[in-house]
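*Asks:* Protein chains in written order, with our numbering: chain D, 4 to 325; chain A, 4 to 325; chain P, 4 to 325.
The beta-carbon is built from N, C-alpha and C at its ideal position, and this holds for glycine as well.
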Amino acid sequence: MTANHELQFTPEGKLKHFLSIEGLSKSLLTEILDTAESFASVSDQQVKKFPLLRGKTIINLFFENSTRTRTTFDLAATRLSADVLNMDISTSATSKGETLLDTIRNLEAMHVDMFVVRHSISGAAHFIARHVAPYISVINAGDGNHAHPTQAMLDMFTIRRVKQDFSQLRVAIVGDILHSRVARSQIQALNTLGVPEIHVIAPKTLLPAKVETLGVKVFNDMEKGIQEADVVIMLRLQKERMTGAFLPTESEYYKCYGLTQDKLKSAKPDAIVMHPGPINRGVEIASSVADGMSSVILKQVSYGIAVRMAIMSMTMQAAGTQ
Amino acid sequence: MTANHELQFTPEGKLKHFLSIEGLSKSLLTEILDTAESFASVSDQQVKKFPLLRGKTIINLFFENSTRTRTTFDLAATRLSADVLNMDISTSATSKGETLLDTIRNLEAMHVDMFVVRHSISGAAHFIARHVAPYISVINAGDGNHAHPTQAMLDMFTIRRVKQDFSQLRVAIVGDILHSRVARSQIQALNTLGVPEIHVIAPKTLLPAKVETLGVKVFNDMEKGIQEADVVIMLRLQKERMTGAFLPTESEYYKCYGLTQDKLKSAKPDAIVMHPGPINRGVEIASSVADGMSSVILKQVSYGIAVRMAIMSMTMQAAGTQ
Amino acid sequence: MTANHELQFTPEGKLKHFLSIEGLSKSLLTEILDTAESFASVSDQQVKKFPLLRGKTIINLFFENSTRTRTTFDLAATRLSADVLNMDISTSATSKGETLLDTIRNLEAMHVDMFVVRHSISGAAHFIARHVAPYISVINAGDGNHAHPTQAMLDMFTIRRVKQDFSQLRVAIVGDILHSRVARSQIQALNTLGVPEIHVIAPKTLLPAKVETLGVKVFNDMEKGIQEADVVIMLRLQKERMTGAFLPTESEYYKCYGLTQDKLKSAKPDAIVMHPGPINRGVEIASSVADGMSSVILKQVSYGIAVRMAIMSMTMQAAGTQ
Numbered sequence: 004m005t006a007n008h009e010l011q012f013t014p015e016g017k018l019k020h021f022l023s024i025e026g027l028s029k030s031l032l033t034e035i036l037d038t039a040e041s042f043a044s045v046s047d048q049q050v051k052k053f054p055l056l057r058g059k060t061i062i063n064l065f066f067e068n069s070t071r072t073r074t075t076f077d078l079a080a081t082r083l084s085a086d087v088l089n090m091d092i093s094t095s096a097t098s099k100g101e102t103l104l105d106t107i108r109n110l111e112a113m114h115v116d117m118f119v120v121r122h123s124i125s126g127a128a129h130f131i132a133r134h135v136a137p138y139i140s141v142i143n144a145g146d147g148n149h150a151h152p153t154q155a156m157l158d159m160f161t162i163r164r165v166k167q168d169f170s171q172l173r174v175a176i177v178g179d180i181l182h183s184r185v186a187r188s189q190i191q192a193l194n195t196l197g198v199p200e201i202h203v204i205a206p207k208t209l210l211p212a213k214v215e216t217l218g219v220k221v222f223n224d225m226e227k228g229i230q231e232a233d234v235v236i237m238l239r240l241q242k243e244r245m246t247g248a249f250l251p252t253e254s255e256y257y258k259c260y261g262l263t264q265d266k267l268k269s270a271k272p273d274a275i276v277m278h279p280g281p282i283n284r285g286v287e288i289a290s291s292v293a294d295g296m297s298s299v300i301l302k303q304v305s306y307g308i309a310v311r312m313a314i315m316s317m318t319m320q321a322a323g324t325q
Numbered sequence: 004m005t006a007n008h009e010l011q012f013t014p015e016g017k018l019k020h021f022l023s024i025e026g027l028s029k030s031l032l033t034e035i036l037d038t039a040e041s042f043a044s045v046s047d048q049q050v051k052k053f054p055l056l057r058g059k060t061i062i063n064l065f066f067e068n069s070t071r072t073r074t075t076f077d078l079a080a081t082r083l084s085a086d087v088l089n090m091d092i093s094t095s096a097t098s099k100g101e102t103l104l105d106t107i108r109n110l111e112a113m114h115v116d117m118f119v120v121r122h123s124i125s126g127a128a129h130f131i132a133r134h135v136a137p138y139i140s141v142i143n144a145g146d147g148n149h150a151h152p153t154q155a156m157l158d159m160f161t162i163r164r165v166k167q168d169f170s171q172l173r174v175a176i177v178g179d180i181l182h183s184r185v186a187r188s189q190i191q192a193l194n195t196l197g198v199p200e201i202h203v204i205a206p207k208t209l210l211p212a213k214v215e216t217l218g219v220k221v222f223n224d225m226e227k228g229i230q231e232a233d234v235v236i237m238l239r240l241q242k243e244r245m246t247g248a249f250l251p252t253e254s255e256y257y258k259c260y261g262l263t264q265d266k267l268k269s270a271k272p273d274a275i276v277m278h279p280g281p282i283n284r285g286v287e288i289a290s291s292v293a294d295g296m297s298s299v300i301l302k303q304v305s306y307g308i309a310v311r312m313a314i315m316s317m318t319m320q321a322a323g324t325q
Numbered sequence: 004m005t006a007n008h009e010l011q012f013t014p015e016g017k018l019k020h021f022l023s024i025e026g027l028s029k030s031l032l033t034e035i036l037d038t039a040e041s042f043a044s045v046s047d048q049q050v051k052k053f054p055l056l057r058g059k060t061i062i063n064l065f066f067e068n069s070t071r072t073r074t075t076f077d078l079a080a081t082r083l084s085a086d087v088l089n090m091d092i093s094t095s096a097t098s099k100g101e102t103l104l105d106t107i108r109n110l111e112a113m114h115v116d117m118f119v120v121r122h123s124i125s126g127a128a129h130f131i132a133r134h135v136a137p138y139i140s141v142i143n144a145g146d147g148n149h150a151h152p153t154q155a156m157l158d159m160f161t162i163r164r165v166k167q168d169f170s171q172l173r174v175a176i177v178g179d180i181l182h183s184r185v186a187r188s189q190i191q192a193l194n195t196l197g198v199p200e201i202h203v204i205a206p207k208t209l210l211p212a213k214v215e216t217l218g219v220k221v222f223n224d225m226e227k228g229i230q231e232a233d234v235v236i237m238l239r240l241q242k243e244r245m246t247g248a249f250l251p252t253e254s255e256y257y258k259c260y261g262l263t264q265d266k267l268k269s270a271k272p273d274a275i276v277m278h279p280g281p282i283n284r285g286v287e288i289a290s291s292v293a294d295g296m297s298s299v300i301l302k303q304v305s306y307g308i309a310v311r312m313a314i315m316s317m318t319m320q321a322a323g324t325q
């Protein structure tokens, strides 16, 4: 069986699926960022359309609901002139007892060109990529606790736009590292792009075992962790975690790990604050920080379209050569 | 804070948002009707597309379900070549605890060009218009009991198409005036366009306090109220009102305020009958009237597309100059 | 009142609605298959778009949920460049008490060009076709137990692609004939296209009364029924039937009527196996057969798009001449 990180490429080494940051080279990540740069100004044009994917059919296969992520993929595909079909899987044939693979085989037979997959099970996008016809691209839009690579790439794009160079940065990631597919993908991307210092900050109950082996420094104290940081990335707190043994009360969490103006003073004066959204105001971040001068949270959303356009057009081009 | 009726205009006085009939001039309403006239014949063409909004992204932001209204906005936008994205807000990020303003800010960051907003709270569309970026237009597709201005404009278009001149008309509006955003917007439009006699007809429990100050004559007796009317507008009876103290039984309501062939004889022989739909046959209107010669109910639906195309293209053009 | 089979034609004899195979001539069915042939290669092209229905509005009016069928109609319409609007009828105005006819009249007033109708009641598509404006086409996408004519046509297309000639074939249809709208339409199409031997195979409880009058031979024993068959069509077993008196247990059904490699040996060596999907593995068909060399199940899905493109473009052209 092909290793996971080889699965993403054509025999000629072109990126055909985008499933995980793992196994992607620095030069490939840079190529994605450069391609996204060419789309980033598109949204300001009078007419926001590129004909690159005209006549292509893209299926948003969302087994897990996410209006925001689906909307950005929908807009990215539409602005590339593709035809987009949103499939709400809870109402689909799988509820008639069809297997996932049968669903995929059937959509494949309808000559679709790309699946954008979101699933609550880690590895779902890889599984689909492993089984689709060679001319089809698969984009992972989030799988379980595993990866959310397009989110990580739009974060990298945002950092590069402001800070230009990755090689001198200290980046702090704060929050539920244990359950966060976003954090996993961010750490891989930051390491690959040459960020020398990555801090992860969380209570012990929200840290994966042996997290240091990912190439990060671990902090339980927030102010120490974000000290002199150039970039502070806040993670969304899944409120459903509060019921378990993972967390104290919401207000206690906010006291220790919520990003306030006061705590932010530990970071560099020109530090930027990021968050994948949707934000919980007063839980992981103070409104004054989320809406403040350091925040680039809405820029992340904007750049998300350009980055997804880049990944979609690159993978489709690679698939088309097979 | 900008007054509500100023909010709709660019500094140069162009219509940028369409939120309410209030504060709009007779010449502006006439300009909308004239622009709609140029679209009204489109639907009969072989190819029903105008390239006016090509490359524009329109979000149907429906916090309140309405297939009919959403469908007409969807078709209007599609026929102007815009890209349309329907957002079912009950399944969106707001259910993850995000505030309305955060939802708007995020969609804005995706570089959308227009929000078509339907909401059960009066003032929701104004609130959004007050907070969006200057290049974005907001159309009110119905907010609480407050306004439904595109419905009122398609009603005016329908009246003008049949009766040509507003200055000699007697228009009767029958039904639940108290809770009707449609009636509110209609009364404002009829007054602005110079209709000399507007009658409102309802039981006392379904009339707003001091309704006379709106520039209407009030009747509790239907036959007196529609006497010699040129136009009879029936309102939809929200059946959920029946449970409160507002109304007697459904059949008693029909007996007093349902439009039958017999009652219609009080109006002028060439009177037209209108209804915003969906109709409750045998509750507020007899089937023989709804389907009869005087009814222009389905024409209202047709013209609704042309009127919405006019408003969408006018506001987008104004927003584009900012 | 026009007879059902005359309803489908314009006065000039052109196919305007596609409601049932009944009443359609061999030459018309052949014309559909030939037209579909011209679309069948489209999906392999770089750009999969035909401008034939540009500017046309098609409403997928699905009163009964079916992601798969709706998706193929959606893709077919999109590849013909039409604008498609999917209406989930459970959330629409009908839930506000509007009648089906009022819903249709309203959509008609919005100048739509085609309704693709799926409904749990037999005759629903005919009813709509009988009442729409002359320029509108209606396609039956499945009505109750009555007909599923586009499915039957894609089955015919699949058979012709592999077997070329209908005039020498033995076709066996296995399963719940009693409740299957697919089987009804298939039998009519096979008879019309001149298939000399049609076998239906089912337990007595799943056979309609006087099924022989449809022009088929009846078998209760599967191996006898599929003997020397060129084509074996398996029907989907509606699991909800299992609760009634119609069927023994699932495993007993599989033992008698499930298509296994072993049973398939009774058919000709080059027999093809078909299924309308979604399949119940291990209930009506073994996985080894569904995924085996004889199976053309996924080809049916592919051809379904081409056949629907053919029917949509033919009916729309006929409606346009009225």
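1. Does the region 181-190 of chain P come close enough to the region 296-304 of chain P to have 3 or more Cβ pairs within less than 8 Å?
2. So residue 205 of chain P packs on residue 179 of chain P, CB below 8 Å; how close in whole Å?
3. Using the Cα positions of residue 219 of chain D and residue 42 of chain P, report the straight-line distance between them to the nearest angstrom.
4. For residue 75 of chain A, count neighbouring Cβ atoms within 10 angstroms of its own Cβ and tell me buried if that reaches 16, exposed if not.
5. Less than 7 Å separating the Cβ of residue 53 of chain D from some heavy atom of the ligand FAD?
6. With a 10 Å radius around its C-beta and 16 neighbouring C-beta atoms as the bar for buried, classify residue 313 of chain D as buried or exposed.
7. Shorter than 8 Å from the beta carbon of residue 164 of chain P to some beta carbon of chain D?
8. Out of curiosity, what's the CA-to-CA distance linking residue 293 of chain D and residue 116 of chain D?
9. Based on the DSSP output, what are the partners of residue 284 of chain D in its beta bridges?
10. Pop quiz: residue 281 of chain D and residue 239 of chain D are said to be a contact at Cβ under 8 Å. What is the actual Cβ separation, rounded to whole angstroms?
11. Using 8 Å as the threshold, is the C-beta distance between residue 149 of chain A and residue 67 of chain A below it?
12. Whose C-beta lies closer than 6 Å to the C-beta of residue 57 of chain P among residues of the same chain, with five residues either side of it excluded?
13. By the 9 Å beta-carbon criterion, what residues does the region 100-128 of chain P contribute toward chain A?
14. Can you tell me which of P:146, P:151, P:198 puts its alpha carbon nearest to the alpha carbon of residue 170 of chain P?
15. Can you give me, in chain order, the residues of the region 77-93 of chain P that have a beta carbon less than 7 Å from any beta carbon in chain D?
16. Let's test the definition: count the other Cβ atoms within 10 Å of the Cβ of residue 96 of chain P and tell me whether it reaches 16, buried, or not, exposed.
17. Please classify residue 235 of chain A as buried or exposed, where buried requires at least 16 other C-beta atoms within 10 Å of its C-beta.
18. Roughly how many whole angstroms lie between the Cα atoms of residue 92 of chain A and residue 287 of chain A?
19. With a cut-off of 8 Å, does the C-beta of residue 57 of chain D fall near any C-beta of chain P?
20. Go through its chain and collect everything with a Cβ distance to residue 69 of chain P's Cβ below 8 Å, but skip five positions before and after it.
21. Find the residues of chain P that neighbour residue 2 of chain A, judging by a C-beta separation of less than 9 Å, and give them in chain order.
22. Do you know offhand how far residue 318 of chain P's Cα is from residue 277 of chain P's?
23. Could you check whether the Cβ of residue 96 of chain P sits closer than 8 Å to any Cβ belonging to chain D?
24. Go through the region 147-171 of chain D residue by residue and report every complete run of the alpha helix (DSSP H) that reaches 4 residues or more, in order.
25. Using the Cβ count rule (16 or more neighbours within 10 Å means buried), how would you classify residue 261 of chain A?
26. Output the boundary residues of the alpha helix (DSSP H) element that contains residue 70 of chain D.
27. Between which residues of its own chain and residue 151 of chain P is the CB-CB distance below 6 Å, once the five residues before and five after are set aside?
28. Quick one: does residue 60 of chain D have its CB under 8 Å from some CB of chain P?
29. Would you check if the distance between the CB atom of residue 114 of chain P and the CB atom of residue 305 of chain A is smaller than 8 Å?
30. Kindly give me the distance between the Cβ atoms of residue 39 of chain D and residue 160 of chain D, rounded to whole angstroms, as I take these residues to be in contact under 8 Å.
31. Got a sec, what are the start and stop residues for the alpha helix (DSSP H) residue 33 of chain D sits in?
32. Which stretch, first to last residue, makes up the alpha helix (DSSP H) that contains residue 220 of chain D?
33. Indicate the three-state DSSP secondary structure (helix, strand or coil) for residue 109 of chain P in the structure shown.
34. Could you round the C-beta distance between residue 231 of chain A and residue 173 of chain A to whole angstroms and report it? I think they count as a contact, below 8 Å.
35. CA-CA distance, residue 9 of chain A and residue 26 of chain A?
36. Can you find a C-beta in chain P that's less than 8 Å from the C-beta of residue 281 of chain A?
*Replies:* Let me spell this out:
1. no
2. Translated into the one-based positions of the third sequence, residue 205 of chain P becomes position 202. Translated into the one-based positions of the third sequence, residue 179 of chain P becomes position 176. Going by Cβ atoms, the distance from residue 205 of chain P to residue 179 of chain P rounds to 7 Å, so yes, they are a contact pair.
3. Numbered from 1 along the first sequence, position 216 holds the residue referred to as residue 219 of chain D. Numbered from 1 along the third sequence, position 39 holds the residue referred to as residue 42 of chain P. Each residue's Cα considered, the two are about 55 Å apart.
4. In the second sequence, the residue the question calls residue 75 of chain A occupies position 72. By the C-beta density criterion, residue 75 of chain A is buried, having at least 16 other C-beta atoms within 10 angstroms.
5. What this structure holds is no ligand at all, so the ligand FAD is not there to describe.
6. Taking the first residue of the first sequence as position 1, residue 313 of chain D is located at position 310. Its Cβ being crowded by 16 or more others within 10 Å, residue 313 of chain D is buried.
7. In the third sequence, the residue the question calls residue 164 of chain P occupies position 161. No - not a single Cβ of chain D is within 8 Å of the one on residue 164 of chain P.
8. Taking the first sequence and counting its residues from 1, one reaches residue 293 of chain D at position 290. Taking the first sequence and counting its residues from 1, one reaches residue 116 of chain D at position 113. Going from the Cα of residue 293 of chain D to the Cα of residue 116 of chain D covers about 38 Å.
9. What you label residue 284 of chain D is simply residue 281 of the first sequence in a count that begins at 1. D:288, per the DSSP bridge assignment.
10. Counted from its first residue, the first sequence places residue 281 of chain D at position 278. Counted from its first residue, the first sequence places residue 239 of chain D at position 236. Yes, residue 281 of chain D and residue 239 of chain D are in contact; Cβ-Cβ is about 7 Å, under 8 Å.
11. Your numbering for residue 149 of chain A matches position 146 in the second sequence. Your numbering for residue 67 of chain A matches position 64 in the second sequence. Not closer than 8 Å, so no.
12. As a first step, residue 57 of chain P must be located in the third sequence, where it is residue number 54. Correct list, in chain order: 84.
13. 100, 101, 102, 105, 106, 108, 109, 110, 111, 112, 113, 114, 115, 116
14. Walking along the third sequence from the start, residue 170 of chain P turns up at place 167. Comparing Cα-Cα distances from residue 170 of chain P to each of P:146, P:151, P:198, the minimum goes to P:198.
15. 77, 78, 81
16. The residue given as residue 96 of chain P occupies position 93 in the third sequence. Only weak support exists for where residue 96 of chain P lies, its pLDDT of 46 falling under 50; the coordinates are left without a value.
17. Numbered from 1 along the second sequence, position 232 holds the residue referred to as residue 235 of chain A. A residue is called buried when at least 16 other Cβ atoms come within 10 angstroms of its Cβ; residue 235 of chain A meets this threshold and is buried.
18. Here residue 92 of chain A refers to the residue found at position 89 when the second sequence is read from its first residue. Here residue 287 of chain A refers to the residue found at position 284 when the second sequence is read from its first residue. Answer to the nearest angstrom: the Cα atoms are 31 Å apart.
19. Within the first sequence, numbered from 1, the residue matching residue 57 of chain D stands at position 54. Interface residue, yes.
20. One-based indexing of the third sequence puts residue 69 of chain P at position 66. Here the set comprises 121, 144, 145.
21. Since the displayed chain A opens at 4 and closes at 325, residue 2 of chain A lies outside it and no answer follows.
22. As a position in the third sequence, residue 318 of chain P is number 315, starting the count at 1. As a position in the third sequence, residue 277 of chain P is number 274, starting the count at 1. Between the alpha carbons of residue 318 of chain P and residue 277 of chain P lies a distance of about 27 Å.
23. Here the question's residue 96 of chain P lines up with position 93 in the third sequence. Below a pLDDT of 50, predicted positions are generally treated as unreliable, and residue 96 of chain P, at 46, falls in that range; no measurement from the model is reported.
24. 152-166
25. Counting from one through the second sequence, the residue named residue 261 of chain A turns up at place 258. Per the 10 Å Cβ criterion, buried.
26. Residue mapping note: residue 70 of chain D aligns to position 67 of the first sequence, counting from 1. Residues 70-82.
27. The sequence position of residue 151 of chain P within the third sequence is 148, counting from 1. So the qualifying residues of the chain are 145, 184, 185, 188.
28. Position 57 of the first sequence, counting from 1, holds the residue named residue 60 of chain D. Yes, contact with chain P.
29. Indexing the third sequence from 1 puts residue 114 of chain P at position 111. Indexing the second sequence from 1 puts residue 305 of chain A at position 302. Cβ atoms of residue 114 of chain P and residue 305 of chain A: closer than 8 Å.
30. The residue labelled residue 39 of chain D in the question sits at position 36 within the first sequence. The residue labelled residue 160 of chain D in the question sits at position 157 within the first sequence. Right, the Cβ-Cβ distance comes to about 5 Å (below 8 Å), so this counts as a contact.
31. Counting from 1 along the first sequence, the entry for residue 33 of chain D is found at position 30. Its alpha helix (DSSP H) spans residues 29-43.
32. Numbered from 1 along the first sequence, position 217 holds the residue referred to as residue 220 of chain D. It is not in any alpha helix (DSSP H) - residue 220 of chain D instead sits in the beta strand (DSSP E) that spans 220-222.
33. Working through the third sequence from its first residue, we reach residue 109 of chain P at position 106. Helix.
34. Here residue 231 of chain A refers to the residue found at position 228 when the second sequence is read from its first residue. Here residue 173 of chain A refers to the residue found at position 170 when the second sequence is read from its first residue. That belief holds up - the Cβ atoms of residue 231 of chain A and residue 173 of chain A are roughly 6 Å apart, short of 8 Å.
35. Translated into positions along the second sequence, residue 9 of chain A becomes position 6. Translated into positions along the second sequence, residue 26 of chain A becomes position 23. Between residue 9 of chain A and residue 26 of chain A, the C-alpha separation is close to 7 Å.
36. Taking the second sequence and counting its residues from 1, the one referred to as residue 281 of chain A is at position 278. Yes, its Cβ sits closer than 8 Å to a Cβ of chain P.
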